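S.K.:
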Amino acid sequence: MPYMADAPNPLARFRSPLRSTWLTSVFGAVLLVALPIVILTGLLSYSAYGPQFGQARPGAVGWLRLPFFDWPTNPAWLYQLTQGLHVGLGLIIVPLVIAKLWSVMPKLVELPPVRSPAHALERLSLLALVGGLLFEIVTGVLNIQYDYVFGFDFYAAHYFGAWVFISGFLVHLGLKVPLMWRTLRSESLMDVLRARNEAPSRPHETMSRRGAIGLVAAGMGFVAVLTVGQTVGGVLRKAAILLPRGRSYGDGPNDFQINRTAEAAGVTEEQTGADWTLSVESASENSEPVVLSRGRLLSMTQHTAELPIACVEGWSTTQSWTGVPLAELAALAGVPAPRSAEIISIEQGGPFGRAVLQGNQALHPDSLLALKVNGVDLSLDHGYPARVIVPALPGVHNTKWVTRIVFRS
Numbered sequence: 515m516p517y518m519a520d521a522p523n524p525l526a527r528f529r530s531p532l533r534s535t536w537l538t539s540v541f542g543a544v545l546l547v548a549l550p551i552v553i554l555t556g557l558l559s560y561s562a563y564g565p566q567f568g569q570a571r572p573g574a575v576g577w578l579r580l581p582f583f584d585w586p587t588n589p590a591w592l593y594q595l596t597q598g599l600h601v602g603l604g605l606i607i608v609p610l611v612i613a614k615l616w617s618v619m620p621k622l623v624e625l626p627p628v629r630s631p632a633h634a635l636e637r638l639s640l641l642a643l644v645g646g647l648l649f650e651i652v653t654g655v656l657n658i659q660y661d662y663v664f665g666f667d668f669y670a671a672h673y674f675g676a677w678v679f680i681s682g683f684l685v686h687l688g689l690k691v692p693l694m695w696r697t698l699r700s701e702s703l704m705d706v707l708r709a710r711n712e713a714p715s716r717p718h719e720t721m722s723r724r725g726a727i728g729l730v731a732a733g734m735g736f737v738a739v740l741t742v743g744q745t746v747g748g749v750l751r752k753a754a755i756l757l758p759r760g761r762s763y764g765d766g767p768n769d770f771q772i773n774r775t776a777e778a779a780g781v782t783e784e785q786t787g788a789d790w791t792l793s794v795e796s797a798s799e800n801s802e803p804v805v806l807s808r809g810r811l812l813s814m815t816q817h818t819a820e821l822p823i824a825c826v827e828g829w830s831t832t833q834s835w836t837g838v839p840l841a842e843l844a845a846l847a848g849v850p851a852p853r854s855a856e857i858i859s860i861e862q863g864g865p866f867g868r869a870v871l872q873g874n875q876a877l878h879p880d881s882l883l884a885l886k887v888n889g890v891d892l893s894l895d896h897g898y899p900a901r902v903i904v905p906a907l908p909g910v911h912n913t914k915w916v917t918r919i920v921f922r923s
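Just add 514 to wherever you are in the sequence shown, counting from 1, and you've got the working numbering.
#1: If you follow the alpha helix (DSSP H) that Trp616 is part of, which residue opens it and which one closes it?
#2: Would you decide whether Ile755 is buried or exposed? Buried here means 16 or more other CB atoms lie within 10 Å of its CB.
#3: Tell me the residue span of the beta strand (DSSP E) that contains Asp628.
#4: Is it right to say Ser700 is buried, meaning 16 or more other beta carbons lie within 10 angstroms of its own, or is it exposed?
#5: Determine the burial state of Asn800: buried for a count of at least 16 other Cβ atoms within 10 Å of its Cβ, exposed for fewer.
#6: Which parts of the segment 731 to 793 are runs of the alpha helix (DSSP H), unbroken and 4 residues or longer, counting only runs that do not cross its ends?
#7: Could you check whether the segment 865 to 880 touches the segment 825 to 844, counting it as contact only if at least three pairs of C-beta atoms, one from each stretch, sit closer than 8 Å?
#8: Expressed to the nearest angstrom, what Euclidean distance is found between the alpha-carbon atoms of Tyr662 and Pro850?
#9: In the DSSP assignment, the alpha helix (DSSP H) including Phe921 goes from what residue to what residue?
#10: Could you tell me how far apart the beta carbons of Val742 and Leu750 are, in whole angstroms, since I believe they sit closer than 8 Å?
#11: Quick one: give me the first and last residue of the beta strand (DSSP E) that His817 is part of.
#12: Please state the DSSP three-state secondary structure of Ala519.
#13: Does the contact criterion of 3 or more C-beta pairs under 8 Å hold for the segment 630 to 647 versus the segment 554 to 573?
#14: Quick one: is Gln872 buried, meaning 16 or more other Cβ sit within 10 Å of its Cβ, or exposed?
#15: Starting from Val838, follow the beta strand (DSSP E) in both directions and report where the run begins and ends.
#16: Among Leu610, Val887, Trp616, Leu605, which one has its Cα closest to the Cα of Ala738?
#17: Going by DSSP, which residues form a beta bridge with Leu698?
#18: Checking the sheet assignment: what are the DSSP bridge partners for Ala855?
#19: For the beta strand (DSSP E) that Ile903 lies in, which residues bound it at each end?
#20: Between the segment 896 to 904 and the segment 913 to 922, are three or more C-beta pairs nearer than 8 Å?
#21: Given Tyr669, which residues of its chain have a CB within under 7 Å of its CB, disregarding the five upstream and five downstream residues?
#22: Suppose the cutoff is 7 Å on Cβ atoms and the five residues either side in sequence are ignored; what does the same chain contact list for Gln875 look like?
#23: Can you give me the C-alpha to C-alpha distance between Leu698 and Ala574, rounded to a whole angstrom?
#24: Quick one, which of Asp891, Gly564, Gly568, Tyr593 has its alpha-carbon nearest Phe583's?
#25: Of the choices Met814, Glu861, Ser722, whose alpha-carbon is the least far from that of Arg533?
#26: Have a look at Ala847 and Ala590 and give me their C-alpha separation to the nearest angstrom.
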């Protein structure tokens, strides 16, 4: 029957005629811009955690250790930018990654799987590239939503998984960039995008190439709307439904994101009450600690700075902080030019209980032992009676409930 003869073949529909080397090359070219940014900002995040002090996670990485350098304090929004790009762009490209994988799916499952030594190298690079990328996306999304359903340490897995992906990415670039370049030069992308009346050009195509590119771009834009508000704030924060720590904490000057509550940290009002004191010390022998009450700290020089807190999960918030400059506390301890400063919290153990600052971080004029935020006392969840706030520092190292600071020369 003619009707039956004209019916589309299910296999042919799976092998969509819309797929082409040109369309794959377009998706690949965009990823070639985005993925290096995601890779670089991820590696910078590791360096920002101060691996030279043994506080980056994972700690033992062997020959995959990155070179040590002092993380800069200017601009103050540096970590907000790098981690916002890492998480935000990493989420935005998910529709593009799906489209790229769809465009090459027949190649991924072709038989025989290996035809030559060169083809074997290509297949191995694809395994590292595709497997590594999917692993990084899935574990990254679960981490920013605090859903640790996997039975392994996220930080170690994400770091080593990144290097698996990077190795596959570099090999794949060497093998495929020449072909991508030749293919893109064969037909102008702008000509395709300007072809408003372009119709499907092959049998059984359900949309044009322009439509496919537009669909992927719309998906990326939709994810961007749901994501970027957690970094840029303002009116866009209301649209950031993926924001892991919520969009509002009620009214008042302390209404902003909380990474870890006092209850979760095991910090009580009794520990932070009238008997709380801060011990400021030099690490040198025979030095006597200077013990300061909160009242004494409030009587010292107060400095106010607008600084962001930026978290590894990608969210950030900028507030007005008031407190005593860390440089003044260093001078009080007899270490006017410290090489480092160890900040110790009431919270015991874990990555939140202590942090070591570099010398440039301790001496920056906007680095504070903050006592107030937005003109009022810190709330207990935000670190009352005192917390550290340092420009461009990862949020977890802006230690809360500080009880001791040790300066080293």
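Yeah, the Cβ is synthetic: ideal placement off N, Cα and C, and Gly gets one too. Just so you know, these numbers come straight off a predicted model, no measurement behind them.
M.R.: In terms of the structure at hand:
#1: 608 to 622
#2: exposed
#3: The amino acid at residue 628 is misidentified as Asp; the sequence shows Val. That residue, Val628, is in no beta strand (DSSP E); it is neither H nor E in DSSP.
#4: exposed
#5: exposed
#6: 743 to 746, 776 to 779
#7: yes
#8: 43 Å
#9: No alpha helix (DSSP H) holds Phe921; the beta strand (DSSP E) holding it covers 916 to 922.
#10: 6 Å
#11: 817 to 824
#12: At Ala519, the pLDDT of 41 sits below 50, so the modelled position is not reliable; the number obtained from the coordinates is stated separately. Ala519: helix per DSSP, three-state reduction.
#13: no
#14: buried
#15: 830 to 839
#16: Leu605
#17: The partner list for Leu698 (beta bridge, DSSP) is empty, contrary to what the question assumes.
#18: Leu871, Phe921
#19: 901 to 903
#20: yes
#21: Arg571, Pro572
#22: Thr587, Ser881, Val904, Leu907
#23: 43 Å
#24: Gly564
#25: Ser722
#26: 26 Å
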